[in-house]
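S.K.: First the structure, then my questions, so here it is.
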C-alpha cells in the first residue's frame, strides 16, 4: 500500500512538473514575440473620445492615426514602425494624468502627442516635464502648457495670440469701435482668450462695453445676453468651445443682439452642433487651418481623410496629423528616440506641414500665422491669412 502511495505521489509530481514546464513553454513563446513589440517606437496619445469635448478628441485622434499609418507604410522612423497607444481621458484632468502615467509606466512610450484641450494638457505637461518625456500637444492653446518644461511643445498657436488677433481683426478689419465679451469663468482656455482680447482692445482703442461670465454646465445665458444687448456693441466675442458657443449664438439671436459674433479655434465644428445655423451668419473665428487652401498637400490630406473617416477633417484633425510628422522628423534628425536628443531636435526644427511652417520660439510655441474664417449660408468659408 505504501509503495502504491509513493508511486501515485511520484506520478502526480511528474504531472505537476509537466504542467509547470508547459506553462513555462507558453511564457517563453510569448516572450519570444517581445522583440517584435520592442522593435516598434511607442508613441502615446491622450484625447477626450467620449463626453462633451469628444468632437475635438476624435478629430485630433483620427488625424494622428492617419499620419501614423502613412509613416509606417513608408517604412516607419529609424527603420522601425510607430506604435500609437492612446487612451480616452474624457476631458478630465485627473483622468488624463492617470492615463499618462499608464502610458509611461506600463506601455513604456518614448514620446507623447497630447493632450487635446487646455486644462488636461496643463496637468499632463507638468508631469511630463518631471519625466523628461517629449510632449507635443496638437491643439492645447493655453499659454501655461509649454511653460511646464523645455520638453513640452505645441503645433497650434496659443490663447493669448488668438485673443490678440481677434481684437486686432475687430478693430482693423471690421472697423469695430465697441465690443462685448461672454466667457466661461471656470475654463482656462476661455479666461486666457478673454484677458488677451481685453488687453489688445485697450491698446487699439476698442472699448469693452460689456463683459459677462458664466460657469461650466450653464445652458441659460439670457440674463447675460440681456445686459449685452443693452450695451449695443459692434462685436460680441465668445471665447468658448463650440458646444457653449452654439447655445449662446441661438439665444443671442432671440435676444435681438445684432453684434457681429467672434470666436477662436474652439469653434471648430460648431455647425455640427448648432440648432439654428442662421444665428451665426456673418460670424468670424480664427483657427490654424482652412479646407479651402489651394496647397496640394492640404487637398490630398482632405481627400484621404474624408475617404477614410467618411467625413471632412476639422482643424483639429489637421493639427493632430502635423504633430505626428513633426515628431517623426525630430526623431529622424536626432537619429534616435532618446528623449534629450529628440527634444533638442524639436527645439531647432524647421517643419513644413499642412497647417503651415513651424519654428519654435523660446517658449516652444510655434511661430505661425492664423486663418480667419467666416460663417455664411450655413457653411464655413475662408477669408484670409492674418497676422495682427
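In our numbering, the protein residues as written are 30 to 417. Built from N, CA and C at the ideal position, the CB exists for glycine as well.
1) From residue 319 to residue 111, what does the alpha carbon distance come to, in whole angstroms?
2) From residue 279 to residue 252, what distance separates their C-alpha atoms?
3) Given that a residue counts as buried once 16 or more other Cβ atoms are within 10 Å of its Cβ, and exposed if not, what is residue 406?
4) Mark residue 202 as exposed unless 16 or more other C-beta atoms lie within 10 angstroms of its C-beta, in which case mark it buried.
5) Can the beta-carbon of residue 180 be found less than 8 Å from the beta-carbon of residue 368?
6) Quick one: Cα of residue 235 to Cα of residue 257, how far?
7) Write down every uninterrupted run of the alpha helix (DSSP H) in the stretch 236 to 267 whose length is 4 residues or greater and which is fully enclosed by it, in chain order.
8) Suppose only complete runs of 3+ residues qualify. What are the beta strand (DSSP E) ranges in the stretch 313 to 370, listed by chain order?
9) Give the straight-line distance between the Cα atoms of residue 107 and residue 238, rounded to the nearest whole angstrom.
10) Residue 470: which of 303, 244 and 194 sits nearest, CA to CA?
11) Kindly indicate which residue of 263, 248, 347 and 214 has the alpha-carbon position closest to the one of residue 200.
12) Check this for me: beta carbons of residue 84 and residue 292, under 8 Å apart or not?
13) The beta strand (DSSP E) spanning residue 181 covers which residue range?
14) If you scan the stretch 144 to 215 from start to end, which runs of the alpha helix (DSSP H) of 4 or more residues do you find wholly inside it?
15) So what does DSSP say about residue 383, is it helix, strand or coil?
16) So, for residue 404: in the same chain, excluding its five sequence neighbours on each side, which residues have a beta-carbon less than 6 Å away from its beta-carbon?
17) With residue 92 and residue 76 assumed to form a contact (beta carbons below 8 Å), what rounded beta-carbon distance in angstroms separates them?
18) Would you mind reading off the limits of the beta strand (DSSP E) that contains residue 292?
19) With distances taken Cα to Cα, identify the nearest neighbour of residue 192 among 212, 153 and 356.
20) Select from 100, 410 and 415 the residue whose C-alpha is nearest the C-alpha of residue 399.
21) Give the single residue among 328, 284 and 365 whose Cα lies nearest to the Cα of residue 70.
22) Let's see if you can read the secondary structure: which residues bound the alpha helix (DSSP H) around residue 231?
23) Are there 16 or more other CB atoms within 10 angstroms of the CB of residue 283, so buried, or fewer, so exposed?
24) Helix, strand or coil: which one does DSSP assign to residue 101?
25) Starting from the C-beta of residue 172, find all residues in its chain whose C-beta is less than 7 Å away, skip the five residues before and the five after it, and write them out in chain order.
26) How about the stretch 352 to 360 and the stretch 375 to 382: do they share at least three Cβ pairs that are nearer than 8 Å?
27) Hey, could you find the ends of the beta strand (DSSP E) residue 117 is sitting in?
M.R.: Well, looking at it:
1) Between the alpha carbons of residue 319 and residue 111 lies a gap of roughly 28 Å.
2) 14 Å
3) exposed
4) exposed
5) yes
6) The alpha-carbon separation between residue 235 and residue 257 amounts to approximately 16 Å.
7) List check, alpha helix (DSSP H) in window: 251 to 260.
8) 313 to 316
9) 56 Å
10) In the structure as shown, the chain starts at 30 and stops at 417, and residue 470 therefore has no counterpart that could be examined.
11) 263
12) no
13) 181 to 183 is the span of the beta strand (DSSP E), which, as asked, contains residue 181.
14) 147 to 160, 173 to 176 and 188 to 201
15) Three-state result, residue 383: coil.
16) 309 and 312
17) Wrong, their Cβ atoms sit about 10 Å apart, outside the cutoff.
18) Run containing residue 292: 289 to 292, per the beta strand (DSSP E) assignment.
19) Checked all of 212, 153 and 356; the closest Cα to residue 192 is 212.
20) 415
21) 365
22) 217 to 233
23) exposed
24) helix
25) 187, 188, 189 and 221
26) Touching, yes.
27) 111 to 117
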